[in-house]
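What follows is one structure encoded as structure tokens, with my remarks underneath.
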Amino acid sequence: MQDTIHVQIKRLDHAGDLALPSYESEHAAGMDVRAALHIDNPIAIEPRGGVALVPTGFAIAVPVGYEAQVRPRSGLAFKHAVGLPNSPGTIDADYRGELKIIMINHGHEPFIITRGMRIAQLIIKPVPRTVWETVDELSDTSRGEGGFGHTGV
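Position one of the sequence shown corresponds to residue 41 (my numbering), numbered consecutively onward.
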């Protein structure tokens, strides 16, 4: 059984004809998010580290106790080496501005983003509040303080 959460979404004027974030297959975990660019104004992300901030045309009210996670689309990563530099990005419950996607081009050719292109995925996840408990010692584990690469290649 899957839980359902209701999230308020506001479509902005420059995205009137675009689909809202949506699941593109029956068991998809993330909802695809589209670029809300003007039809005559695509964005070209330069190769080898070029970055762009892409509007989505909507704002959301994430419920308290949740976050919206913005994640890259695997097809863009595999086919074009395009991703999100701060993945996953977090949209906090108190943010009410337009969701904008930070994209990076690791490829060797410019990457062109056009109106309505699916550019990222959005997942709504619960986030428990953390209360720190200061202690003098932590419990032992078999790993202990083993860090980077401690289990080998």
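Quick reminder that beta carbons are idealized off the backbone N, C-alpha and C, glycines included.
Extent of the continuous beta strand (DSSP E) run through residue i
i      : result
LEU139 : 138-145
LEU116 : That residue, LEU116, is in no beta strand (DSSP E); its alpha helix (DSSP H) goes 114-120.
VAL47  : Where VAL47 is concerned, there is no enclosing beta strand (DSSP E), given that its DSSP letter is neither H nor E.
GLN161 : 158-166
ARG88  : Here ARG88 belongs to no beta strand (DSSP E), and DSSP marks it neither H nor E.
ARG183 : Per DSSP, ARG183 belongs to no beta strand (DSSP E) and is neither H nor E.
ASP10  : Residue 10 lies beyond the residue range present for the chain, which begins at 41 and ends at 193; the question has no answer from this structure.
Buried or exposed (CB count within 10 angstroms, at least 16 for buried), residue i
i      : result
GLU171 : Rather than Glu, the amino acid found at residue 171 in this sequence is Val. VAL171 should be labelled exposed.
ARG88  : exposed
GLN42  : exposed
THR174 : exposed
ALA92  : buried
VAL104 : exposed
ILE152 : exposed
Candidates the options: closest to residue i by CA position
i      : options                        : result
ASN126 : PRO87, SER179, MET143, HIS120  : MET143
GLY56  : ILE79, GLY70, TYR63            : ILE79
GLY123 : GLU66, VAL110, THR130, SER65   : VAL110
ILE83  : ALA108, LEU139, ARG155         : ARG155
HIS54  : PHE151, GLU138, ILE100         : GLU138
HIS120 : ILE85, ALA99, GLY129, TYR106   : ILE85
LEU116 : THR191, ARG51, ILE159, ARG169  : ILE159
GLN48  : TYR106, ALA76, GLY90           : TYR106
THR44  : GLY189, MET157, PRO166         : PRO166
HIS148 : GLY90, SER179, PRO112          : GLY90
GLU64  : ARG113, GLU177, ARG183, PRO128 : ARG113
Collapsed DSSP secondary structure at residue i in the structure displayed
i      : result
ASP53  : helix
ALA108 : strand
PHE151 : strand
SER127 : coil
VAL175 : coil
PHE188 : coil
LEU77  : coil
SER62  : strand
VAL94  : strand
Beta bridge counterpart(s) of residue i as assigned by DSSP
i      : result
ILE83  : ILE153
ALA101 : GLN48
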